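Take a look at the structure set out below.
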Ligand SMILES: N[C@@H](CCC(=O)N[C@@H](CS)C(=O)NCC(=O)O)C(=O)O
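Numbering (full-length UniProt numbering), first residue to last: 1 to 280.
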C-alpha cells in the first residue's frame, strides 16, 4: 500500500514506486452524451511544466488550436509535502484563476471531500459544474484530440473561414486564391449550419463572443459579400439554421440596434474591387 498521508512517500514497503490508477475517468464528448460536452470556455487544465504527463496535455491543447477554448494554470515546479501548490512568484507559474486555491489537493477535496488518492496533475477541470473530468493524461490528450474538432473548427471557421474568408475572396487577385477562399467560406458556413442544427448558438445554449464575431460578417453577407465579394455560391437565406440564427441575433438587444444597413451597403458599393475571376 502507498502511504498518502505524506505526499513525498510514494514507495511501498519494498521501496518500489507503484503508480496508482487515476481516479477521475469521465469523458468529454462532442455531442455531450457523456454529460461533458466539448464546449469553448468550459474546461480548464491544471498542469505543472515540470511534469511529463501534464506536459502532454499542453502540447495537444496547442496542436489542436484550443488555446481560446481551454484555459490552464501552472503550479510551482517545487512539489512540497502537501503536494503541488500555486505560487505565481515563480516564473512561468500562475495562480489558480478558477478556484483561487493555493494547493492542487484543494481541487480534489472540493470535488470529493473523501478523496484518498494522490493529488496528481494534470487535472482536467469542468468550470461549469465545478468538477474534475479526468486526471489521466493519456485520456485527456485523446479527448482533446478527438472531441473538440468542431469547437476548434469553430474558431478557425470564424477567423479564417468566414470573417476573413470573405475578404480573402473579395480581394483575391488570382483565380486560384479566389477559388480557395470561396471554397473555405462555404465549407465554413456548411459547418456552422450543422452546428446550429443541434444548438441555438455557436458554442451552446447562450450567446458568447463567438456569436458576436460571426454575426457581424453574417449580417453583411447577403447585402454585400454575395455580390461585392462574389461569395455567391449560396446566400445566408439559403441556410435555414443560419438564417434563423441571424434573425434571432438581429432581434437580440445590441445586435440589430447597432446594424445599419444603409451604411453597410453604401460603404461597400463605394469601395471598388477589381479582379478577374469566375464566379459561382
Ligand atoms: N496517470 C497520471 C500520472 C500523473 C502524475 O503522476 N503526475 C505527477 C507529476 S509528474 C504528480 O502529480 N505526482 C504527485 C503525486 O503523486 O503525489 C497521468 O498520466 O496523468
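By construction, the Cβ of each residue, glycine as well, lies at the ideal position given by its N, Cα and C atoms.
Here the structure is a predicted model, which is why all the values come from computation and not from measurement.
Identity of the residues DSSP links to residue i by a beta bridge
| i | result |
| --- | --- |
| residue 11 | 17 |
| residue 309 | The requested residue 309 does not occur in the structure, where the chain is confined to residues 1 to 280. |
| residue 37 | 29 |
| residue 103 | 85 |
| residue 201 | 204 |
| residue 165 | Per DSSP, none; premise fails for residue 165. |
| residue 80 | 83 |
| residue 289 | Lying before the first or after the last residue shown, residue 289 is absent from the chain, which here runs from 1 to 280. |
First and last residue of the uninterrupted alpha helix (DSSP H) at residue i
| i | result |
| --- | --- |
| residue 124 | That residue, residue 124, is in no alpha helix (DSSP H); its beta strand (DSSP E) goes 123-126. |
| residue 296 | Here the chain comprises residues numbered 1 to 280, so residue 296 is not present and cannot be evaluated. |
| residue 217 | 209-220 |
| residue 112 | No alpha helix (DSSP H) contains residue 112, which DSSP labels as neither H nor E. |
| residue 246 | 240-250 |
| residue 175 | 175-195 |
Exposure label - residue i; buried when at least 16 CB within 10 Å
| i | result |
| --- | --- |
| residue 210 | buried |
| residue 303 | The structure shown does not extend to residue 303, since the chain is modelled only from 1 to 280, so the question has no answer here. |
| residue 122 | buried |
| residue 18 | exposed |
| residue 262 | exposed |
| residue 63 | exposed |
| residue 33 | exposed |
| residue 76 | buried |
Residue i vs residue j beta-carbon contact at 7 Å
| i | j | result |
| --- | --- | --- |
| residue 134 | residue 144 | no |
| residue 231 | residue 185 | yes |
| residue 147 | residue 28 | yes |
| residue 141 | residue 57 | yes |
| residue 119 | residue 108 | yes |
| residue 45 | residue 86 | no |
| residue 88 | residue 94 | yes |
| residue 38 | residue 30 | yes |
| residue 244 | residue 250 | no |
| residue 132 | residue 24 | yes |
| residue 60 | residue 54 | no |
Are the region 160-175 and the region 76-86 touching by the rule of at least three beta carbon pairs closer than 8 Å? no
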